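Structure first, commentary second.
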Amino acid sequence: VDQLELDFSAGFGALTGETGAGKSILVDALGLLLGARADASVVRLGRERAELSAEFMLAPGGPARDWLTAQDFGCDGDRVIVRRVIDSGSRSRAWIGGVPAGIAQLRELGGLLVDIHGQHAHQALMRESAQRELFDQHAGLQSGVTEVTKLYREWQAAEQALVRAVQDSDAALRERERLQWQVEELTALAFEPAAWAALQQEHSRLAHVTQLLEGSAEALALLEEGEVALDAQLAHIAAVLGRLQGFDAALRECCSLIDSASAQVIEAARALRAYTHRLDADPAALARADDRIAAVLGAARKYRCEADDLPALLVDSQSQLDRLAADADPVRLEQARDAARAACLQAATLLSAARKPVAARLSAEVTAAMAELAMQGGRFEVALHPLAEPSATGLEEIEFRVSANPGQPLAPLAKVASGGELSRIGLAIQVIASARSGTPTLVFDEVDVGIGGRVAEVVGRQLARLGKARQVLCVTHLPQVAARADWQWSIAKRSQEGQMVSAVHALDAAARIEEIARMLGGEVITDTTRAHAKEMLGERPAG
724 VDQLELDFSA GFGALTGETG AGKSILVDAL GLLLGARADA SVVRLGRERA ELSAEFMLAP
784 GGPARDWLTA QDFGCDGDRV IVRRVIDSGS RSRAWIGGVP AGIAQLRELG GLLVDIHGQH
844 AHQALMRESA QRELFDQHAG LQSGVTEVTK LYREWQAAEQ ALVRAVQDSD AALRERERLQ
904 WQVEELTALA FEPAAWAALQ QEHSRLAHVT QLLEGSAEAL ALLEEGEVAL DAQLAHIAAV
964 LGRLQGFDAA LRECCSLIDS ASAQVIEAAR ALRAYTHRLD ADPAALARAD DRIAAVLGAA
1024 RKYRCEADDL PALLVDSQSQ LDRLAADADP VRLEQARDAA RAACLQAATL LSAARKPVAA
1084 RLSAEVTAAM AELAMQGGRF EVALHPLAEP SATGLEEIEF RVSANPGQPL APLAKVASGG
1144 ELSRIGLAIQ VIASARSGTP TLVFDEVDVG IGGRVAEVVG RQLARLGKAR QVLCVTHLPQ
1204 VAARADWQWS IAKRSQEGQM VSAVHALDAA ARIEEIARML GGEVITDTTR AHAKEMLGER
1264 PAG
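In this text, residue positions in the sequence shown follow my numbering: the first is 724, and each later residue adds one.
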């Protein structure tokens, strides 16, 4: 596809065309927009990137609108535009309502807007995990399963913690002893950063008391002793300037400054004398300070950190010790394990209670649908096999069981259904599941492979019924299905600039007759096949 813009109508629409024409490309493009995995192969050869965008109508008060509001994505009234760009290097970017979005967010929104049933869905039903996922999705129990899975993992984590505590008891004991000794040592040290700074200052004073006394005495002498004393010189300067200021008033400021300096010198001398009177040598105090500093620096060297980091080390060591003590407490660990198991069991019990009525209802509905699909007398059952302990998905295994013929015992779907039977049963399950879902758009990509004749007519009627309440898109090869559609597009390949490209054509009434006739008769279209096609289309309103 080079460039394509489509406007999907409401109701049931059929997408038809020759094999290999590119019908599923449209479904793949929609899947990419809604979060499917992408790589460089989706980019057209010779182009730098592939760009996809779609506009979705939003139902008032619907879950998609609520999700957009909760996620802070914008929407234009009753619609939202989703856009994705994939480059040739497999890098991908996406936007929802013009706001950058992650691929997981595309998937979440996509699950609320579109339900895509792929052409290999029947084969997927052979796996029990796929059966359980489809059943829980049909029942609307995904959130319950998610909760059970979360609680199950917490239970298993608690179980593993108990096992590790028993297995690692010797190593854990040695580590606890090491941390206990470390905590006791650091606690006894009682180191405080503020006290450490004061201690260092006090140690410096005690260690240099002689120098401090001698220097202070010398400074005091310079301030006030002898003819060269600073206070005497300032007094002389003040006297000289005092005599001169009578001749020039400009000297008054200088006299004021000298008087101020003289007062400060006198105050400095008084403070220095008081300091020297307080300053005494104290060898015992110096020894205590030496010991304290040695202890702190020794601890810092031992634990390879700065002295200021010792309090943080004590807090961290105590935290590790508390955690190890808790982890090594088998009674506490057993209680935690039992509480986690009880929580998981409670959630799984609620999930199991919700599954049982849905299993009975789905069994009856699929059995009825099988009769419509030419499997009269066949039976379908959703079997819930109880488990002794909760699993990550609940208290039971879910298995689809079927009896394709009257009198045949029920057996696992994967073992008793032929290819054609599997297609019909799978289609019945998907149609019924879709009928009960709230998703506004349903896409069926060649899910009718392996059926034909009267069964195909029934499938067409079922899809047409779905289309009365929701938008249904179906890629199909069956004329019986396409004839029941409200509208039909034909996809064909054509040559463009030396390359084959897929083109989509909306079919009017005459073109639909030709397309249905082609689907009925192959390459040569006769008047008979046209008449048959016209007859089939004429029957459409009866669906």
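Using N, Cα and C, we set each Cβ at its ideal position, and we do this for glycine too. It should be emphasised that the depicted structure is a prediction, and the values quoted were computed from it without experimental measurement.
Residue i, buried or exposed, once every other Cβ within 10 Å from all chains shown has been counted against 16
{"i": "Phe-970", "result": "exposed"}
{"i": "Cys-1028", "result": "exposed"}
{"i": "Gln-1099", "result": "exposed"}
{"i": "Glu-900", "result": "exposed"}
{"i": "Ser-732", "result": "exposed"}
{"i": "Ala-1012", "result": "buried"}
{"i": "Tyr-875", "result": "buried"}
{"i": "Leu-980", "result": "exposed"}
{"i": "Val-1089", "result": "buried"}
{"i": "Pro-1113", "result": "buried"}
{"i": "Glu-941", "result": "exposed"}
{"i": "His-1228", "result": "exposed"}
{"i": "Ala-1076", "result": "exposed"}
{"i": "His-1000", "result": "exposed"}
{"i": "Leu-857", "result": "buried"}
{"i": "Glu-1144", "result": "buried"}
{"i": "Ala-737", "result": "buried"}
{"i": "Gly-815", "result": "For clarity, residue 815 is Ser in the given sequence; the question names Gly instead. Ser-815 should be labelled buried."}
{"i": "Gly-745", "result": "buried"}
{"i": "Val-1154", "result": "buried"}
{"i": "Thr-792", "result": "exposed"}
{"i": "Ala-787", "result": "buried"}
Cross-strand partners of residue i (DSSP beta bridge)
{"i": "Asp-1061", "result": "For Asp-1061, which the question treats as bridged, DSSP gives no partner whatsoever."}
{"i": "Glu-1246", "result": "Looking at the DSSP assignment, Glu-1246 forms no beta bridge with any residue, so it has no partner."}
{"i": "Leu-775", "result": "Arg-807"}
{"i": "Trp-904", "result": "DSSP, once it has assigned bridges, lists no residue as partnering Trp-904."}
{"i": "Ser-1086", "result": "Answer is none; Ser-1086 lacks a bridge partner."}
{"i": "Ile-1214", "result": "Val-1227"}
{"i": "Ile-960", "result": "In DSSP, Ile-960 forms no bridge with anything."}
{"i": "Gly-1117", "result": "Ser-1114"}
{"i": "Glu-1122", "result": "Ala-1106"}
{"i": "Phe-970", "result": "Bridge partners of Phe-970: none, in fact."}
Host beta strand (DSSP E) of residue i (start-end)
{"i": "His-1108", "result": "1102-1114"}
Endpoints, the alpha helix (DSSP H) within which residue i is located
{"i": "Thr-742", "result": "Careful: Thr-742 lies outside any alpha helix (DSSP H) and carries neither H nor E."}
{"i": "Gln-860", "result": "851-862"}
{"i": "Ala-986", "result": "975-1001"}
{"i": "Asp-1052", "result": "Here Asp-1052 belongs to no alpha helix (DSSP H), and DSSP marks it neither H nor E."}
{"i": "Pro-786", "result": "786-793"}
{"i": "Val-782", "result": "Going by the sequence as given, residue 782 is Ala instead of Val. Element bounds for Ala-782: n/a, residue is neither H nor E."}
{"i": "Gly-1021", "result": "1006-1025"}
Close-in-space but distant-in-sequence residues of the same chain around residue i (CB under 6 angstroms, 5 per side omitted)
{"i": "Glu-1180", "result": "Gln-1203"}
{"i": "Met-1242", "result": "Pro-1202"}
{"i": "Gln-905", "result": "Ser-1040"}
{"i": "Gly-758", "result": "Ile-826, Leu-829, Arg-830 and Gly-833"}
{"i": "Ala-1240", "result": "Ile-1248, Thr-1252, Arg-1253 and Ala-1256"}
{"i": "Ala-777", "result": "Leu-756 and Val-805"}
{"i": "Phe-735", "result": "Leu-1186, Ala-1187, Gly-1190, Val-1195, Ala-1208 and Asp-1209"}
{"i": "Val-871", "result": "Ala-1070, Ala-1071, Leu-1074 and Gly-1117"}
{"i": "Gly-1183", "result": "Gln-1203, Val-1204 and Arg-1207"}
{"i": "Glu-1120", "result": "His-1108"}
Sequence-distant residues of its chain with Cβ nearer than 8 angstroms to residue i (five each side left out)
{"i": "Leu-1020", "result": "Ala-1030"}
{"i": "Ala-1265", "result": "Since pLDDT at Ala-1265 reaches only 42, below the 50 mark, its modelled position is unreliable, and no value is offered."}
{"i": "Cys-978", "result": "Ala-961, Leu-964, Gly-965 and Gln-968"}
{"i": "Asp-954", "result": "Leu-946, Glu-947, Ser-985, Val-988, Ile-989 and Ala-992"}
{"i": "Ser-747", "result": "Gln-842, Asp-1168, Glu-1169 and Val-1198"}
Close Cβ partners of residue i (< 7 angstroms) along its chain, the five nearest in sequence each way excluded
{"i": "Leu-1230", "result": "Gln-1211, Trp-1212, Ser-1213 and Glu-1238"}
{"i": "Lys-1079", "result": "Leu-1107"}
{"i": "Asp-982", "result": "Ala-961"}
Residue i CB to nearest heavy atom of the ligand SAM below 7 angstroms
{"i": "Ala-1076", "result": "Inclusion of the ligand SAM in the displayed structure is not the case, the ligand content being empty and no account of it being possible."}
Beta strand (DSSP E) segments (min. 3 residues) lying fully within the segment 1127-1210: 1164-1168 and 1194-1198
Whole alpha helix (DSSP H) elements within the segment 802-839, 4-residue minimum: 826-836
Length-filtered (4 minimum) alpha helix (DSSP H) runs lying within the segment 923-960: 932-947
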